[in-house]
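Each remark here refers to the structure printed beneath this line.
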Amino acid sequence: MSSKKKDIIPKDDRTLVIKPKTGWFDIDFRELWQYKDLIRLFVKRSYSAMYKQTILGPLWFIISPLLTVLIFTVVFGNIAKIPTDGMPQFLFYMAGNTLWTYFAYCLNTTASTFTSNAVLFGKVYFPRLTMPLSTVIFGLVSLGIQLAMFIGFVLYYCETGSVVQPNIYILITPLLILLVALLGLGFGIIFSSLTTKYRDLSILVSFGIQLWMYATPIVYPISGLSEQYRSIIMLNPMSSIIEAFRYAFLGSGSLQLPYLIYSSAITLLVLTLGIIIFSRVEKTFIDTV
């Protein structure tokens, strides 16, 4: 008989060892991919939680943006008489509102990641970043429906002879959506990290998003501003994205590559900073939340 001892540890060892994280950038992206099924379940949970015990259910995906655009048309178009660069008012406001609604949802919802899920985080381990990621992905459902409605209205106005000029730059729409998602995610996880210690920041976030909308060309065209204010508004990273989207689908507005590059750089900076802060706070947030 052989004197060698048999290896009693199975080769396929599925034991998971959870170790404390100490670095500044301790986000394991490979681990996030391994938890893709959990992200999918969080997306389904968000859908169920949002429309549970509602009469109209998913129809709110359609009703809510239409009501918002109608209010913009009445208030800013008919009462305030704000020009829309010769575009149909309904289309002009819908173009700005489509991407802005998605951005505001991503920022506002991810900003409460730690405070809203403190009980769940305290009971079980999973990569904390899966929660805000699922929020961003769930928002794509609403965005997809709004985008489909918007394209339908664009085609209708084109058939009726309106001055609407969709062009080849429609092809950059996925890039614009990606920038909006990452910018909302970046700012959202920064504020979610800060609200674990300063709860009143959550109130300022909601108020700040409303002010931010008026600093973005949603209800007014950039061309209607003086050169001085135009330069200030374009420092807002969302401005060039909204303008590019409107230009691609309507032919109104402008597509300025330098400002798009600027928005992309700001987005990457904010997202990187957000991940670093999120990584640091998630280690100890359960003691303060």
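At position 185 of the sequence shown (counting the first as 1) the number is 185 in the working numbering, and the numbers step up by one without a gap. From the three backbone atoms N, C-alpha and C, an ideal C-beta is built for every residue, glycine too.
To which residues of the same chain is residue i closer than 6 Å at the C-beta, ignoring the five residues directly before and after it?
i, result
"M94", "V69, F150"
"T84", "F92"
"F76", "I82, V219"
"W312", "Examination of residue 312 is not possible in this model, given that the chain is present from 1 through 289 alone."
"G365", "For residue 365 there is no data in the structure shown, the boundaries of the chain being 1 and 289."
"Y229", "none"
Helix or strand or just coil, what does DSSP make of residue i?
i, result
"V75", "helix"
"N117", "coil"
"G86", "coil"
"Y157", "helix"
"A215", "coil"
"P314", "Absent from the structure is residue 314, since the part of the chain shown begins at 1 and ends at 289."
"V141", "helix"
"L164", "Reading off the sequence, residue 164 comes out as Val, not Leu. Residue state, collapsed to three classes: coil."
"Y124", "Just to set this straight, residue 124 is Val in the shown sequence, not Tyr. Correct three-state label for V124: coil."
"G186", "helix"
"T196", "coil"
"E282", "coil"
"Y93", "helix"
"Q256", "coil"
"P10", "Note that P10 has pLDDT 48, beneath the 50 cutoff, so the model's placement of it is unreliable and no number is given."
"M234", "coil"
"S226", "coil"
"Y220", "coil"
"G251", "coil"
"A111", "coil"
"Y47", "helix"
Compare the C-alpha of residue i against each of the options and name the closest.
i, options, result
"L107", "Q256, I203, Y220, S279", "I203"
"Q89", "F103, Y102, F72, Y105", "F72"
"R40", "A118, Y125, W60, L133", "L133"
"V180", "T267, A148, Q146, C158", "T267"
"L147", "Y125, F126, T173", "T173"
"Y125", "S142, L32, I145", "L32"
"Q256", "S264, K36, A244", "A244"
"I63", "I145, S206, C158", "I145"
"L176", "Y247, V119, C158, E159", "Y247"
"Y169", "S252, L59, D37", "S252"
"L260", "R280, N236, F278", "N236"
Within this structure, are the beta carbons of residue i and residue j separated by less than 8 Å?
i, j, result
"T110", "S192", "yes"
"I275", "I137", "no"
"V163", "G224", "no"
"Y262", "S240", "yes"
"M238", "T216", "yes"
"T135", "S254", "no"
"R128", "E282", "yes"
"S112", "F61", "no"
"L182", "L271", "yes"
Tell me which residues share the same chain as residue i and place their Cβ nearer than 7 Å to its Cβ, disregarding the 5 neighbours each side in the sequence.
i, result
"I218", "G96, N97, W100, I242"
"N117", "M131"
"Y157", "P88, L91, V164"
Whose C-beta lies closer than 8 Å to the C-beta of residue i among residues of the same chain, with five residues either side of it excluded?
i, result
"L250", "M87, L91, F92, A95, V154, V164, Q165, P166"
"L273", "G186, I190"
"T115", "S192, T195, T196, R199, S202, V289"
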